[in-house]
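Chemist: Protein chains in written order, with the working numbering: chain E, 714 to 1257; chain S, 15 to 134.
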């Protein structure tokens, strides 16, 4: 039997571009099981495990159930497409129902509901289930030329159910809001731009403003002089709305001298064109502004990531309480954020390894926010008597009460090291650590330390596993980005145990180096991996 | 599947055993909800939910379980979910029905034994 990763990779190689599609013109609850089964059969035919098939079947069920239950205007047609390619899996469910207006708010509500076993809600778990199962989940309301909504799920080959990362922009035409009170001008310009852009035409500024609240354009072109709110008023009104001051804005006017008006130049526009304008000039101007705007945005994001990475870089002191700690880490360009926190007291050393998962927001930003939050929680709670489980219990209670943090999922591992060789371990949804005893002739074993994600069950207490180890024994901790390379489906760790077996007599530093080399080799097979990876080895009595 | 084939209720001395079959999703929950309540005595305190024959569970199923949980709590009783496999087991873990606030046992025997011991 092939290890899970190889089996999956070979399935993809055998069917590089397999596609399942299904169109439903009538959709009721009773139709959903047959559609779900059809997709599950397709996945299993292509070698996907029952575990992954079950996850995607659940997500498709939740999306379709939602479309039956919630939209004010029910869908007349739902098109489902599942594509398998070397890049992974993409499930796209397109519908012509009325869109869900505030997807981010719904995500927040869904995650709260998923965690709230204390108040016992009887509905509202569906979106939370979808969000917590897949690498990328996103929703595009009225996104294509037929103004259909797209619910898209993406999983990469090596990370079939892990963290959420910021989704890439969909391949769609840029959207332009075009505003002019003259119907003929509006029609002419719409035709000029229509081939390359999705142009939404408005005869008044107020109409454009109204739609802006639910749909963001990539660029706005407005007439300067219009009855009611004029172009200047529109520019100023946009500046008060989310992202409105950064959306590229062009004035198009019959008054040539307008461009030189000091007032116009002060309100922040990107270009001024005089009517009549040729199709070539209009298209060239739009293209130039969109390209430049994209460059600036990418540069800002790049700098932002760079700064956050340097602030989050996981690290522990090398020799607390007679233990040797070795920490290795790689930071992904996008995706989840790993970070560490620690406190050394006379009684023990308390260490925390955390992995933040994002959901359509910037995961690095959330990791940074979480790190700051945990630091302050540390200051408040981490005293001499604070054990590994105590800290997670305090964290979980705090997360459950925090509107901001409950929108993001976090896994967390805490451990206390004692000078006499004891180690306490507690976990909040974190992959199990591994014990490698110096005397065990290479037999590694998982340490049972399961516990729910912080905030999932308010009021719950975490348990801790206590081990007493001998000099030379090592405990291997890792974040999901590290362990998932060895164990993509989360069931077996054969690829991890084999190299570990050869390391039982090595020092913690050397074991970390060997293991990291294997990790890098395995990861190269999965170039689309997009998550931070952190490895921490704690060796009792270890020396550099 | 007829609604009566979707579940089975057995009244034991110390608890009510509900065994589900097939899918527990929006289509089956809407059929089961009104019928199942008639099969469970109103004063039923403790409930064991046997999931070994369930092949698929969605969020509607979870909501349905929460309503059973509330029923048991209302009667100052307990509910234990047991023996889920595969996809239903993953969903229960995801929503926290895995031994924290909501009791869960790997086997039916273990779940039933908990109530039987209590009675002794």
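In this text, a Cβ means the ideal position worked out from N, Cα and C, and glycines have one as well. Being a predicted model, the structure only gives us computed values, none of them experimental.
Should residue 15 of chain S be labelled buried (16 or more other beta-carbon atoms within 10 Å of its own) or exposed?
Modeler: Stepping through the second chain from its first residue, residue 15 of chain S is reached at position 1. Looking at its Cβ environment, which holds fewer than 16 other Cβ atoms inside 10 Å, residue 15 of chain S is exposed.
Chemist: Are the CB atoms of residue 107 of chain S and residue 60 of chain S within a distance shorter than 9 Å?
Modeler: For the purposes of this step, residue 60 of chain S is taken as residue 46 along the second chain, with counting starting at 1. For the purposes of this step, residue 107 of chain S is taken as residue 93 along the second chain, with counting starting at 1. It is not a contact, given that the beta carbons lie outside the stated cut-off.
Chemist: Quick one: give me the first and last residue of the beta strand (DSSP E) that residue 745 of chain E is part of.
Modeler: Numbered from its first residue, the first chain carries residue 745 of chain E at position 32. That residue, residue 745 of chain E, is in no beta strand (DSSP E); its alpha helix (DSSP H) goes 745-758.
Chemist: For residue 1160 of chain E and residue 733 of chain E, I'd like the C-alpha separation in whole angstroms.
Modeler: Mapped onto the first chain, residue 1160 of chain E falls at position 447. Mapped onto the first chain, residue 733 of chain E falls at position 20. Taking the straight line joining both Cα atoms gives about 41 Å.
Chemist: Is there a Cβ of chain A sitting closer than 9 Å to that of residue 106 of chain S, yes or no?
Modeler: Absent here is chain A; the protein component of the structure consists of chains E and S.
Chemist: Quick one: what does DSSP say residue 26 of chain S is sitting in, helix, strand or coil?
Modeler: Your numbering for residue 26 of chain S matches position 12 in the second chain. Of the three classes helix, strand and coil, the one that applies to residue 26 of chain S here is coil, per DSSP.
Chemist: Kindly indicate which residue of E:982, E:1066, E:740 has the alpha-carbon position closest to the one of residue 932 of chain E.
Modeler: Residue 932 of chain E sits at position 219 when you count from the first residue of the first chain. Looking at the Cα atoms, E:982 is the closest of the given residues.
Chemist: By DSSP, does residue 124 of chain S sit in helix, in strand, or in coil?
Modeler: Reading the second chain from its first residue, position 110 is the one you call residue 124 of chain S. In this structure, residue 124 of chain S counts as helix in the three-state DSSP scheme.
Chemist: With burial defined as no fewer than 16 other Cβ atoms inside 10 Å of the residue's Cβ, what is the status of residue 739 of chain E: buried or exposed?
Modeler: Residue numbering aside, residue 739 of chain E sits at position 26 when the first chain is read from its first letter. Classification for residue 739 of chain E: exposed.
Chemist: Would you tell me roughly how many angstroms separate the C-alpha atoms of residue 1190 of chain E and residue 863 of chain E, rounded to the nearest one?
Modeler: One-based indexing of the first chain puts residue 1190 of chain E at position 477. One-based indexing of the first chain puts residue 863 of chain E at position 150. If you take the alpha carbons of residue 1190 of chain E and residue 863 of chain E, they lie about 39 Å apart.
Chemist: Going by alpha carbons, who is nearest to residue 1245 of chain E out of E:1026, E:1138, E:737?
Modeler: Counting from one through the first chain, the residue named residue 1245 of chain E turns up at place 532. Nearest C-alpha to residue 1245 of chain E: E:1026.
Chemist: Identify the contact partners of residue 60 of chain S in chain E, using a Cβ-Cβ distance below 8 Å as the criterion.
Modeler: Residue mapping note: residue 60 of chain S aligns to position 46 of the second chain, counting from 1. Near residue 60 of chain S there are no residues of chain E at all, since even the closest Cβ is about 17 Å away, more than 8 Å.
Chemist: Taking Cβ to Cβ, would you say residue 922 of chain E is nearer than 9 Å to residue 965 of chain E?
Modeler: What you label residue 922 of chain E is simply residue 209 of the first chain in a count that begins at 1. What you label residue 965 of chain E is simply residue 252 of the first chain in a count that begins at 1. Not closer than 9 Å, so no.
Chemist: Got a sec: is the Cβ-Cβ distance from residue 1248 of chain E to anything in chain S below 9 Å?
Modeler: On the first chain, position 535 is the one that residue 1248 of chain E refers to. No, no contact with chain S.
Chemist: Can you give me the C-alpha to C-alpha distance between residue 100 of chain S and residue 765 of chain E, rounded to a whole angstrom?
Modeler: Within the second chain, residue 100 of chain S is the residue found at index 86, counting from 1. Within the first chain, residue 765 of chain E is the residue found at index 52, counting from 1. C-alpha separation (whole angstroms): 10 Å.
Chemist: What does the Cβ neighbour count give for residue 1143 of chain E, buried or exposed, with the cut at 16 atoms within 10 Å?
Modeler: Sequence index remark: in the first chain, residue 1143 of chain E carries index 430 (1-based). So residue 1143 of chain E ends up on the buried side.
Chemist: In three-state DSSP terms, what is residue 772 of chain E?
Modeler: As a working note, residue 772 of chain E is residue 59 in the first chain. Residue 772 of chain E falls in the helix class under three-state DSSP.
Chemist: Exposed or buried, what is residue 785 of chain E when buried is set at 16 or more other beta-carbons lying within 10 Å of its beta-carbon?
Modeler: Translated into positions along the first chain, residue 785 of chain E becomes position 72. Flag for residue 785 of chain E reads exposed.
Chemist: So with CB distances below 8 Å, who are the chain E contacts of residue 57 of chain S?
Modeler: Reading the second chain from its first residue, position 43 is the one you call residue 57 of chain S. Under the 8 Å cutoff, chain E gives no residues; its nearest Cβ is about 20 Å from residue 57 of chain S.
Chemist: In chain order, what are the residue ranges of uninterrupted beta strand (DSSP E) at least 3 long that sit wholly in the stretch 1122-1162 of chain E?
Modeler: Correct list: 1122-1130, 1135-1141, 1147-1149, 1157-1159.
Chemist: For residue 35 of chain S, which residues does DSSP report across the bridge?
Modeler: For the purposes of this step, residue 35 of chain S is taken as residue 21 along the second chain, with counting starting at 1. S:67.
Chemist: How long is the line joining the alpha carbons of residue 116 of chain S and residue 64 of chain S, rounded to whole angstroms?
Modeler: As a position in the second chain, residue 116 of chain S is number 102, starting the count at 1. As a position in the second chain, residue 64 of chain S is number 50, starting the count at 1. Distance between the alpha carbons of residue 116 of chain S and residue 64 of chain S: 14 Å.
Chemist: Distance cutoff 9 Å, beta carbons only. Does residue 71 of chain S sit that close to anything in chain E?
Modeler: Here residue 71 of chain S is taken as the residue at index 57 of the second chain, counted from 1. Answer yes: the Cβ-Cβ gap between residue 71 of chain S and chain E drops below 9 Å somewhere.
Chemist: Would you please state the rounded distance, in angstroms, between the beta carbons of residue 1208 of chain E and residue 1248 of chain E? I believe it to be under 8 Å.
Modeler: Position 495 of the first chain, counted from the start, is the residue given in the question as residue 1208 of chain E. Position 535 of the first chain, counted from the start, is the residue given in the question as residue 1248 of chain E. At roughly 14 Å, the Cβ-Cβ gap does not stay under 8 Å, so residue 1208 of chain E and residue 1248 of chain E are not in contact.
Chemist: Using a Cβ-Cβ cut-off of less than 7 Å, list which residues of the stretch 18-50 of chain S approach chain E; keep chain order.
Modeler: Under the 7 Å Cβ criterion, the stretch 18-50 of chain S contributes 37, 39, 40, 41, 44.
Chemist: Say whether chain S places a C-beta atom closer than 9 Å to the C-beta of residue 787 of chain E.
Modeler: For this step, residue 787 of chain E is matched to residue 74 along the first chain. Not closer than 9 Å to any Cβ of chain S, the Cβ of residue 787 of chain E fails to qualify, so no.
Chemist: Using a beta-carbon distance below 9 Å, is residue 781 of chain E in contact with chain S?
Modeler: Looking up residue 781 of chain E in the first chain gives position 68. Yes, residue 781 of chain E lies at the interface with chain S (some Cβ there is under 9 Å from its Cβ).
Chemist: Using a Cβ-Cβ cutoff of less than 6 Å, which residues in the same chain neighbour residue 1041 of chain E once the five nearest sequence positions on both sides are dropped?
Modeler: As a first step, residue 1041 of chain E is located in the first chain; it is residue number 328 there, counting from the start. Result list for residue 1041 of chain E: 1225, 1229, 1248, in chain order.
Chemist: Could you tell me whether any Cβ in chain E is nearer than 9 Å to the Cβ of residue 101 of chain S?
Modeler: As a position in the second chain, residue 101 of chain S is number 87, starting the count at 1. Yes, because at least one Cβ of chain E sits closer than 9 Å to the Cβ of residue 101 of chain S.
Chemist: Quick check on DSSP: helix, strand or coil for residue 76 of chain S?
Modeler: Within the second chain, numbered from 1, the residue matching residue 76 of chain S stands at position 62. If DSSP states are grouped into helix, strand and coil, residue 76 of chain S belongs with the helices.
Chemist: I'd like the span of the beta strand (DSSP E) that includes residue 101 of chain S, first residue to last.
Modeler: Residue mapping note: residue 101 of chain S aligns to position 87 of the second chain, counting from 1. It is not in any beta strand (DSSP E) - residue 101 of chain S instead sits in the alpha helix (DSSP H) that spans 100-108.
Chemist: Go ahead and label residue 940 of chain E buried or exposed: buried means 16 or more other beta carbons lie within 10 angstroms of its beta carbon, across all protein chains shown.
Modeler: Within the first chain, the letter at position 227 stands for residue 940 of chain E. Counting Cβ neighbours within 10 Å, residue 940 of chain E comes out exposed, since fewer than 16 surround it.
Chemist: Work out the CA separation of residue 74 of chain S and residue 124 of chain S for me, nearest whole Å.
Modeler: For the purposes of this step, residue 124 of chain S is taken as residue 110 along the second chain, with counting starting at 1. For the purposes of this step, residue 74 of chain S is taken as residue 60 along the second chain, with counting starting at 1. Approximately 26 Å between the Cα atoms of the pair.
Chemist: Can residue 1149 of chain E and residue 1188 of chain E be called in contact, C-beta distance under 9 Å?
Modeler: What you label residue 1149 of chain E is simply residue 436 of the first chain in a count that begins at 1. What you label residue 1188 of chain E is simply residue 475 of the first chain in a count that begins at 1. Yes, the Cβ-Cβ distance between residue 1149 of chain E and residue 1188 of chain E is below 9 Å.
Chemist: Output the distance between the C-alpha atoms of residue 1010 of chain E and residue 955 of chain E, rounded to the nearest integer angstrom.
Modeler: For the purposes of this step, residue 1010 of chain E is taken as the residue at position 297 of the first chain. For the purposes of this step, residue 955 of chain E is taken as the residue at position 242 of the first chain. Distance between the alpha carbons of residue 1010 of chain E and residue 955 of chain E is about 16 Å.
Chemist: Does any residue of chain E have a CB that is nearer than 9 Å to the CB of residue 68 of chain S?
Modeler: For this step, residue 68 of chain S is matched to residue 54 along the second chain. Residue 68 of chain S does not count as touching chain E.
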